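Before any comments, here is the structure.
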Amino acid sequence: MAPLDTSDSADISSAALPGTGRAQRRVRRVIRPVLNSFWKVTLEGLENIPTEGPAILCPNHISFFDSVFTMVYAGRQISFVGKAEYMDSWKTKHLFPALGMIPIDRAGGSKSEGALIAAENVLRRGELFGIYPEGTRSRDGVLYKGHTGAARLAVKLGCPIIPVGIIGTREIQPPDKFLPKVGLQCTVKFGQPILPQRYLDRGDDHLVLRELTDELMFEIRELTGQEYKNVYATKKAESLPTEQAVITAS
1 MAPLDTSDSA DISSAALPGT GRAQRRVRRV IRPVLNSFWK VTLEGLENIP
51 TEGPAILCPN HISFFDSVFT MVYAGRQISF VGKAEYMDSW KTKHLFPALG
101 MIPIDRAGGS KSEGALIAAE NVLRRGELFG IYPEGTRSRD GVLYKGHTGA
151 ARLAVKLGCP IIPVGIIGTR EIQPPDKFLP KVGLQCTVKF GQPILPQRYL
201 DRGDDHLVLR ELTDELMFEI RELTGQEYKN VYATKKAESL PTEQAVITAS
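Each residue of the sequence shown is one higher than the one before, starting from 1 at the first, in full-length UniProt numbering.
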């Protein structure tokens, strides 16, 4: 693991201090009836989210609206990681952190480590933390190989991972479309918690983190019925098989 660059992580970690997400409860009360009027939302497995204590929610990622639906319907304060580029725009640099976003630099290395430290702060406060294990939005609707960040947090802190399967948000807002389509259906499924206790004595083993992450991706696939590809969605197009490279570049 690369050493943490504290100069990079300080600003990122501050996003997980108490007060971040301060507007989320009020926004949930306002937005929920709006979402219900625009789309037919079906919820399954809400009982799988613990009513208190830390848990990591891991949805598939097919649309910007995935974060909106998860935040509104999870029923508890939840902090999500989001791309650091949102902090470059005056339209989102204050709004998204107020809603609970933790910015992450997707270049990886020490900057990503800072976001995981911020997430650890959230979980130690007994709150929910949301992270997309695929690392980025799937533009073709396929479920891709998961990164091990969620597994690392779960093993370190002993908190459950909740797989989340979201269906329909890609149709609500297709890739590269600014305005969403109304009147469509969305289903959000909260799966059975994955408990990391059986991995705790081997938490430093990367193969253990890989095994736990693969279990998570299997459960998400069961919830969504998506096709699964055992490659990272964040790989550059030229490093992927020809068929996948075409999909990524389009």
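The beta carbon of each residue, even a glycine, is placed where N, CA and C say it ideally should be. Every value quoted in this text rests on a predicted model; they were computed, and no experiment measured them.
According to the neighbour-count rule (16 or more other Cβ atoms, all chains shown, within 10 Å of its Cβ), is residue i buried or exposed?
{"i": "Gln24", "result": "buried"}
{"i": "Lys145", "result": "buried"}
{"i": "Phe80", "result": "buried"}
{"i": "Thr42", "result": "exposed"}
{"i": "Pro3", "result": "Annotation note: pLDDT 26 at Pro3 (below 50); position unreliable, no value reported."}
Go ahead and pull the three-state DSSP assignment for residue i.
{"i": "Pro193", "result": "coil"}
{"i": "Phe38", "result": "helix"}
{"i": "Gln77", "result": "coil"}
{"i": "Glu222", "result": "helix"}
{"i": "Tyr232", "result": "coil"}
{"i": "Gln24", "result": "helix"}
{"i": "Thr136", "result": "coil"}
{"i": "Leu143", "result": "strand"}
{"i": "Leu43", "result": "strand"}
{"i": "Ile62", "result": "coil"}
What whole-angstrom Cβ distance do residue i and residue j have, given they're in contact under 8 Å?
{"i": "Thr224", "j": "Asn36", "result": "About 22 Å; that fails the 8 Å criterion."}
{"i": "Lys189", "j": "Gly45", "result": "6 Å"}
In the DSSP assignment, find the unbroken alpha helix (DSSP H) run with residue i in it and report its ends.
{"i": "Gly149", "result": "Gly149 to Leu157"}
What is the residue span of the beta strand (DSSP E) that residue i lies within?
{"i": "Phe129", "result": "Leu128 to Gly130"}
{"i": "Ile167", "result": "Ile161 to Ile167"}
In this structure, what does DSSP give as the bridge partners for residue i?
{"i": "Thr51", "result": "Paired residue(s): none; Thr51 is not in a bridge."}
{"i": "Gln185", "result": "Lys40"}
{"i": "Ile56", "result": "Phe129 and Ile161"}
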